[in-house]
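>
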Amino acid sequence: MNKLASSLILATSLAASASLANAAQIEKQNHINLNGGTSDLGASFSAKDSGKTFLENFTFKYSGLFALSAATISTALGSDSALDLSNFTLSGNGHSYTGTKSTVGNTQYYTLDLSNLTAGKYTLAVAGTVLGSRGGSFGGNISVSAVPEASTLAMMLGGLAVVGFGAWRRRKSDKASPSNGSGLMPA
Numbered sequence: 119m120n121k122l123a124s125s126l127i128l129a130t131s132l133a134a135s136a137s138l139a140n141a142a143q144i145e146k147q148n149h150i151n152l153n154g155g156t157s158d159l160g161a162s163f164s165a166k167d168s169g170k171t172f173l174e175n176f177t178f179k180y181s182g183l184f185a186l187s188a189a190t191i192s193t194a195l196g197s198d199s200a201l202d203l204s205n206f207t208l209s210g211n212g213h214s215y216t217g218t219k220s221t222v223g224n225t226q227y228y229t230l231d232l233s234n235l236t237a238g239k240y241t242l243a244v245a246g247t248v249l250g251s252r253g254g255s256f257g258g259n260i261s262v263s264a265v266p267e268a269s270t271l272a273m274m275l276g277g278l279a280v281v282g283f284g285a286w287r288r289r290k291s292d293k294a295s296p297s298n299g300s301g302l303m304p305a
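Its first residue numbered 119, the sequence shown is counted upward by one per residue in our numbering.
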C-alpha cells in the first residue's frame, strides 16, 4: 500500500511539474467593459520579454443570449518588434471556441465569429511568443450583440407575416377595383 501511495504522489508531482513547464511565462488577467457592445483589447511587450511565451486573458460578463465577433492582429516590424500569435480562444459556460488564423506577409490575424452564446462569464485568451529583440504588440476588438430569444423571434416573424398578408390583400383589392383612369371610381 505504501508503494502505491508513494507512486501516486510521484505521478501527481510529475504531472504538476509538466503543466508548469507548459505554462506561459507572462500571464495577465484583464477585465473588459463592453461599452456600447464593443471593446478594444491588446498588449505590448518590451525587450526584457523577448523569447518568452505569453497568455493574455480578457474577461467579460454578458446577460442574455448574444452573438460575438472578435479579432486580433499583430504585425512584425523586422526582428525588432515581432510576436508569434499561437492561439485565440473564447471559453465560458463549459464551452471553448478557437479562432481562425490567417497570415499575410508579416501580419498575423485571428478571427472568431459566434452566435447563440448563453449568458455568463467568458474569457477571450490570446497566447503566443515574443520574438522581437525589442518586444512586440498585438491589438484587437470584441463586439457583442443581443440575439432575440426564440419566442421573441417567433412573435416578430408572426407579426411580419400578418403585415405582409395585409399588404398582399390590399394590393389584390386595388387591382380588382374598376377605375376610369382618373383614379376616381365611376359614378
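Note that beta-carbon positions come from the ideal geometry of N, C-alpha and C, so glycine has one too.
(1) How is the beta strand (DSSP E) around aspartate 202 delimited, first residue to last?
(2) Between serine 255 and leucine 152, what straight-line distance do the alpha-carbon atoms span, to the nearest angstrom?
(3) CB serine 192 to CB leucine 203, shorter than 8 Å?
(4) Using 10 angstroms around the beta-carbon of leucine 159, count the other beta-carbons present and answer buried if the total reaches 16, otherwise exposed.
(5) Measure the C-alpha to C-alpha separation of threonine 241 and lysine 179 and round it to an integer number of angstroms.
(6) Using the Cα positions of alanine 237 and serine 181, report the straight-line distance between them to the nearest angstrom.
(7) With a threshold of 7 Å on Cβ separation, who are the neighbours of glycine 169 within its own chain once the five nearest residues in sequence on each side are excluded?
(8) Can you round the beta-carbon distance between alanine 194 and asparagine 224 to whole angstroms, since I take them to be within the 8 Å contact cut?
(9) What does the alpha-carbon distance come out to for the pair lysine 293 and alanine 285?
(10) Classify aspartate 292 as helix, strand or coil using the three-state DSSP reduction.
(11) At the level of alpha carbons, what is the spacing between alanine 189 and phenylalanine 163?
(12) Would you mind reading off the limits of the beta strand (DSSP E) that contains glutamine 147?
(13) Closest to glycine 250 by C-alpha separation, out of Ala185, Ser187, Phe176, Ser197, would be which residue?
On the basis of the supplied data:
(1) What you label residue 202 is simply residue 84 of the sequence shown in a count that begins at 1. From DSSP, the beta strand (DSSP E) with aspartate 202 extends over 201-210.
(2) Taking the sequence shown and counting its residues from 1, the one referred to as residue 255 is at position 137. Taking the sequence shown and counting its residues from 1, the one referred to as residue 152 is at position 34. One alpha carbon belongs to serine 255, the other to leucine 152, and they sit about 22 Å apart.
(3) Translated into the one-based positions of the sequence shown, residue 192 becomes position 74. Translated into the one-based positions of the sequence shown, residue 203 becomes position 85. For serine 192 and leucine 203, yes; Cβs fall inside 8 Å.
(4) The sequence position of residue 159 within the sequence shown is 41, counting from 1. Flag for leucine 159 reads buried.
(5) As a working mapping, residue 241 is identified with position 123 in the sequence shown. As a working mapping, residue 179 is identified with position 61 in the sequence shown. So the two alpha carbons sit approximately 9 Å from each other.
(6) Position 119 of the sequence shown holds residue 237. Position 63 of the sequence shown holds residue 181. Taking the straight line from one Cα to the other gives about 4 Å.
(7) Translated into the one-based positions of the sequence shown, residue 169 becomes position 51. Once the five neighbours on either side are set aside, the close Cβ partners of glycine 169 are Val248.
(8) Position 76 of the sequence shown, counted from the start, is the residue given in the question as residue 194. Position 106 of the sequence shown, counted from the start, is the residue given in the question as residue 224. So it is a contact: roughly 4 Å between Cβ atoms.
(9) For the purposes of this step, residue 293 is identified with residue 175 of the sequence shown, where counting begins at 1. For the purposes of this step, residue 285 is identified with residue 167 of the sequence shown, where counting begins at 1. Looking at the two C-alpha atoms, the distance is approximately 12 Å.
(10) Position 174 of the sequence shown, counted from the first residue, corresponds to residue 292. Helix at aspartate 292.
(11) The count along the sequence shown starts at 1 and reaches residue 189 at position 71. The count along the sequence shown starts at 1 and reaches residue 163 at position 45. A direct Cα-to-Cα measurement between alanine 189 and phenylalanine 163 gives close to 19 Å.
(12) As a working note, residue 147 is residue 29 in the sequence shown. Here the beta strand (DSSP E) through glutamine 147 covers 144-149.
(13) Position 132 of the sequence shown, counted from the start, is the residue given in the question as residue 250. Taking only the C-alpha atoms, the option nearest glycine 250 is Ser197.
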